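Here the structure comes first, spelled out in structure tokens, and everything after it is commentary.
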Amino acid sequence: MRGPGNLPPAEILPDRAAIESELERIAASPKFLKAEQCLRLLRYLVNSVLDGRSGELKEYTLGVGVFERPETFDPRTDPVVRLEARRLRLKLAEYYQQEGVADPLVIDVPKGAYIPHFHLRQAPTVAAAAPAKWLLLPWFVAVSLVLSVFLGAWYMLAKTGPSQVVRTSVAVLGFRDLSSGRATSWMDQAVTEVMASELSAGQQLRTLPPEDVARMRRELSLTPQRMYPAELLRRVANNLGADYAVTGAYLPQGDRVHLDAVLFDLRSGRQIAAVGDDANQDKLSGLAQDCARRLRAHLGLRLSSAPGAAYPPVEPAAMEAYARGIERLRQSDAVNALPFLQRAAAAAPANPLVHSALAGTWSMLGLDSRAQIESKLAFEASGKLGRVEQLEIEGRYRQTSHDWPRAIQVYQALFTLLPDDLEYGLLLAHAQGNGGKAQDALATVSALRHLPQPIRDDPRIDLAEAQSAGALADYAHTRKAAHTAAEKARQRGARLQYARARLLESGAMQNLDAPGFADVRAEARAICAELGDRACVAAAYRIEANALASTGSPAKARPLYAEVLKIAGDMGNYLEKLNALEGIAYTENMQGDLKSAEADYREALAVGTEIGVLKRYPVCLELGEVLAAEGRVADARAFGLEALTESREAHDQLEIGVSQADLAHALALQGKYPTAMAGFNEAIPILREVAEPLALLLALLDEGDTQLKQGDLAGALKSDEEAREIDRRHRGFAQPEIELALAHLALTSGQMEEAATHGRAAMNTFAAAGREGDRLEAAALLARALIARGNIEAASGVLAQIPSPDGKPFPIEALVQYRIARCLVSATRGPHTEACGKMDAIAAEVSRLGLLALEKETRVARDSLLKTASAALPH
Numbered sequence: 009m010r011g012p013g014n015l016p017p018a019e020i021l022p023d024r025a026a027i028e029s030e031l032e033r034i035a036a037s038p039k040f041l042k043a044e045q046c047l048r049l050l051r052y053l054v055n056s057v058l059d060g061r062s063g064e065l066k067e068y069t070l071g072v073g074v075f076e077r078p079e080t081f082d083p084r085t086d087p088v089v090r091l092e093a094r095r096l097r098l099k100l101a102e103y104y105q106q107e108g109v110a111d112p113l114v115i116d117v118p119k120g121a122y123i124p125h126f127h128l129r130q131a132p133t134v135a136a137a138a139p140a141k142w143l144l145l146p147w148f149v150a151v152s153l154v155l156s157v158f159l160g161a162w163y164m165l166a167k168t169g170p171s172q173v174v175r176t177s178v179a180v181l182g183f184r185d186l187s188s189g190r191a192t193s194w195m196d197q198a199v200t201e202v203m204a205s206e207l208s209a210g211q212q213l214r215t216l217p218p219e220d221v222a223r224m225r226r227e228l229s230l231t232p233q234r235m236y237p238a239e240l241l242r243r244v245a246n247n248l249g250a251d252y253a254v255t256g257a258y259l260p261q262g263d264r265v266h267l268d269a270v271l272f273d274l275r276s277g278r279q280i281a282a283v284g285d286d287a288n289q290d291k292l293s294g295l296a297q298d299c300a301r302r303l304r305a306h307l308g309l310r311l312s313s314a315p316g317a318a319y320p321p322v323e324p325a326a327m328e329a330y331a332r333g334i335e336r337l338r339q340s341d342a343v344n345a346l347p348f349l350q351r352a353a354a355a356a357p358a359n360p361l362v363h364s365a366l367a368g369t370w371s372m373l374g375l376d377s378r379a380q381i382e383s384k385l386a387f388e389a390s391g392k393l394g395r396v397e398q399l400e401i402e403g404r405y406r407q408t409s410h411d412w413p414r415a416i417q418v419y420q421a422l423f424t425l426l427p428d429d430l431e432y433g434l435l436l437a438h439a440q441g442n443g444g445k446a447q448d449a450l451a452t453v454s455a456l457r458h459l460p461q462p463i464r465d466d467p468r469i470d471l472a473e474a475q476s477a478g479a480l481a482d483y484a485h486t487r488k489a490a491h492t493a494a495e496k497a498r499q500r501g502a503r504l505q506y507a508r509a510r511l512l513e514s515g516a517m518q519n520l521d522a523p524g525f526a527d528v529r530a531e532a533r534a535i536c537a538e539l540g541d542r543a544c545v546a547a548a549y550r551i552e553a554n555a556l557a558s559t560g561s562p563a564k565a566r567p568l569y570a571e572v573l574k575i576a577g578d579m580g581n582y583l584e585k586l587n588a589l590e591g592i593a594y595t596e597n598m599q600g601d602l603k604s605a606e607a608d609y610r611e612a613l614a615v616g617t618e619i620g621v622l623k624r625y626p627v628c629l630e631l632g633e634v635l636a637a638e639g640r641v642a643d644a645r646a647f648g649l650e651a652l653t654e655s656r657e658a659h660d661q662l663e664i665g666v667s668q669a670d671l672a673h674a675l676a677l678q679g680k681y682p683t684a685m686a687g688f689n690e691a692i693p694i695l696r697e698v699a700e701p702l703a704l705l706l707a708l709l710d711e712g713d714t715q716l717k718q719g720d721l722a723g724a725l726k727s728d729e730e731a732r733e734i735d736r737r738h739r740g741f742a743q744p745e746i747e748l749a750l751a752h753l754a755l756t757s758g759q760m761e762e763a764a765t766h767g768r769a770a771m772n773t774f775a776a777a778g779r780e781g782d783r784l785e786a787a788a789l790l791a792r793a794l795i796a797r798g799n800i801e802a803a804s805g806v807l808a809q810i811p812s813p814d815g816k817p818f819p820i821e822a823l824v825q826y827r828i829a830r831c832l833v834s835a836t837r838g839p840h841t842e843a844c845g846k847m848d849a850i851a852a853e854v855s856r857l858g859l860l861a862l863e864k865e866t867r868v869a870r871d872s873l874l875k876t877a878s879a880a881l882p883h
């Protein structure tokens, strides 16, 4: 068992010369040239182990022997050894991620002890015909960087257990304005931002994210005060999981401002310290920094000596606009935050903090392309910041750029440097999930559960687990994790987190067909509405609408999408607006109103173009499907090709597969069956690979229809049966589409009774769902099956139940099937020549549109009618 003062029994030291060489490499690196105390400590620790004196490496010995403290040195009151050891660990982690990435040996100082460990890196195996080493070096360095970051994170997380001491956490609750007017209300946010940044300088403290504090203030109806009752402070501690809180008040008087800052121990509710001072208003940032440094001293923390240890204060000319913008951004009011932050960026064009805030605003509005521009400006301006702050800025930039591989590396590096920081772990899991690595995200969640309490009990860990499981379509896992998150949030009084967890839980319940999901969702929506979280309310309506639309209830889904659209308009949220427009257009498409669907998809396309290419090409696909249904195949193919090109550039396998399937369907409508089948043969394996059941099912049905048109009845049956099996595994969400496809197959195969059975089942289901276009096609197939069986009156009755589709924007395939059926019925009651003439007109019309498949089907039906009529004549 590994003890704090002994080397592990199984560990074998590398050669002394190798260790000394590595120590000199570290000493010569830029990281340690200006870190004299760190280097002195490292030399002392390494030489002590090499000389067999590891048992002497105690905190007192190091304080006296390395840092020249007197013999009266007391480690309990002077934390110099602990602080310098923490700084040394950070320096070593940075070194091995940069200059030392390819060093043959690694020196580290594990947490909780002062005995360095030495690890030999395994040399790479060289093949007999290996290329020149200089060709492999860039690849080797890149792989080594990733591996060292990953292994470093694993090692540090493995060392972090329930008993491991982590950095003290502090929340800045805000400052009360003691003046009578609102002209200086912005100073609250300005002081809060500066003080939070200064308190976290050098990463000796964990400052809680301002977003979490803003959420807590909303949930507890907390307004800034100089003093709070002890009971309320304990509720704050329970909600945030913080150790300390900073609050206070300020009084502007003329050109000067007086600031008081108070430090509370949240666990006891006691005041620890109070500091105050005044300065000119244009020196507000410096005043806040000075107060923060004095509070740090009360916590026994030194000032950070590292250059760029914190974010620089925003320039005085931009401070008011920045603070007013940030205040609104924390309230999720991106529309009103935007002009203030744009004004701040104009006044401070080189400040990375301002550009980063502006990027966050554009992201909240759903405009990824503009967010990417601002986050890139922030990244380019971050060169003088500390390493942690640089990585934070880069992480945001990679997120907005959807560069998930690099985002994962950045957040892995941050989590390695500061493994007790939950925020970096959550950001890592988020990046992994978005980067298509949901299993890795679950592994990160598992690592977060090994953090000490109360960090490991944060409900956001369970939410991250639920989202990762949802990405894997493991809805039972999602439901369980979301329910756990909700319970933890409830116990903390974190009502917004509770509502969001319940919202996620309701979606999983609905996917599992579990009763009560609607009540869970309604509860979540009510809490969000009460707390003013409009984004959460919109999400609740959208989730419910998506579920209704996907289960064949477009008429019920449409008003919910309309509500989402209204909220999105009020919020200025382009992404939610896009979601709502796509939803409305989808319901219109399902109901057969193609003209309205086309108009709304075109509006959605304009919004998607504004957001960025990743949101544009899925709308291109949806619009192309509507145009194909209208018979405008050339236009549909143009949008399909655009979607295919852009999805390939984005490496979006799902949309690549859907694009190829849609293009294949368009080719089949044009009668180009071999080319269409080649397209399906490319699309369907991709859709099987990404495991998206609905997209795969619809592609299989289109493939089966194409095979049917070629006369390949066996192939069509195989495709339809695979689609039916998928539908069985997923609660029958596409049951009417399956029935319609089987009706087509049976009709072509001459199995008229079976065709009638499938056609009637499809017609009734479509009618109940309000899907008039699909109902029209199903009724036509049923009527044709009844006519073939000689039951003309029943066929006529079926068609009579359907309101005339003439002049209505129904899908062209449904209209042609209906008109053929109507001609066949009329031929039994009048001259065949009149019915044949109408069919000739139908064939000519679809021929002009280039729909050769429909033209052929119409002419086959006409020829069959003539053959029947000829057989009925006397001989």
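If you're matching positions, the sequence shown starts at 9 in the numbering used here and goes up one per residue.
All residues carry an ideal CB built from backbone N, CA and C; glycine is no exception.
Fair warning: this is a prediction, and the values are worked out from it, not measured in the lab.
- Three or more Cβ pairs closer than 8 Å define a contact, and the region 372 to 384 meets that threshold against the region 583 to 591.
- In the three-state reduction of the DSSP assignment, F348 falls in the helix class, which pools H, G and I.
- Here the region 213 to 224 makes no contact with the region 349 to 360; the two share fewer than three CB pairs at distances below 8 Å.
- Counting only the Cα atoms, V833 lies some 43 Å from L613.
- If you compare the alpha carbons of S177, L186 and Y68 with that of V89, the shortest gap goes to Y68.
- Straight across, the Cα-Cα distance linking N799 with A490 is about 56 Å.
- The C-beta distance from T408 to S383 rounds to 4 Å, short enough to meet the 8 Å contact threshold.
- Note that the region 704 to 713 touches the region 738 to 745; at least 3 beta-carbon pairs, one per stretch, sit closer than 8 Å.
- As DSSP reads the structure, A281 sits in a beta bridge with L271.
- For Y549, the enclosing alpha helix (DSSP H) starts and ends at R542 to S558.
- DSSP places Q261 within a strand segment (E or B) once states are collapsed to three.
- A distance below 8 Å separates the beta carbons of R542 and D578.
- Annotated three-state conformation of T773 is helix, per DSSP.
- Between G778 and A751, the alpha-carbon positions lie close to 20 Å from each other.
- Around the Cβ of P562, a 10 Å sphere holds 16 or more other Cβ atoms; the residue is buried.
- Around E79, the same chain offers V72 as residues with beta carbons nearer than 8 Å, after the five sequence neighbours per side are excluded.
- About 24 Å separates the beta carbons of L675 and P817, which is beyond the 8 Å limit, so they are not a contact pair.
- V114 is positioned such that its CB atom lies closer than 8 Å to that of H127.
- Per the Cβ contact rule, the region 495 to 505 is not in contact with the region 514 to 529 (fewer than 3 Cβ pairs under 8 Å).
- Distance from the CA atom of S187 to the CA atom of P260, rounded to whole angstroms, is 7 Å.
- Going by DSSP, F525 is part of the alpha helix (DSSP H) stretching over F525 to E538.
- Only residues of its own chain outside the window of five on either side were considered, and among them Q212 have a CB closer than 6 Å to the CB of L309, listed in chain order.
- A Cβ-Cβ contact shorter than 8 Å links E102 with R395.
- If only complete runs of 4 or more residues are kept, the region 421 to 478 shows the alpha helix (DSSP H) at 430 to 442 and 446 to 456, in order along the chain.
- Under the three-state reduction of DSSP, Y319 is assigned to coil, being neither helix nor strand.
- Within the same chain, L539 come within 6 Å of R226 by CB-CB distance, once the 5 residues on both sides are set aside.
- 8 Å or more divides the Cβ of Y258 from the Cβ of M327.
- Scanning H458, E663, E633 and Y826 for the CA closest to the CA of L677 turns up E633.
- Taking L556 as the centre and dropping the five residues before and after it, the same chain places the C-beta of K564 and A565 closer than 6 Å to its C-beta, in chain order.
- Take G858, set aside five residues on each side of it, and the residues of its chain with a beta-carbon closer than 6 Å to its own are V641 and Q678, in chain order.
- In the three-state scheme derived from DSSP, where H, G and I count as helix and E and B as strand, N581 is classed as coil.
- For Q718, same chain residues with a beta-carbon under 8 Å away, outside a window of 5 residues either side, are Y681 and M685 in chain order.
- Cβ-Cβ separation between Q668 and E700: approximately 13 Å, too far for a contact (criterion under 8 Å).
- DSSP places H125 within a strand segment (E or B) once states are collapsed to three.
- One Cα belongs to F387, the other to P360, and the distance between them is close to 7 Å.
- Non-local C-beta neighbours of T683 in its own chain, meaning closer than 7 Å and more than five positions away in sequence, comprise L675, ordered along the chain.
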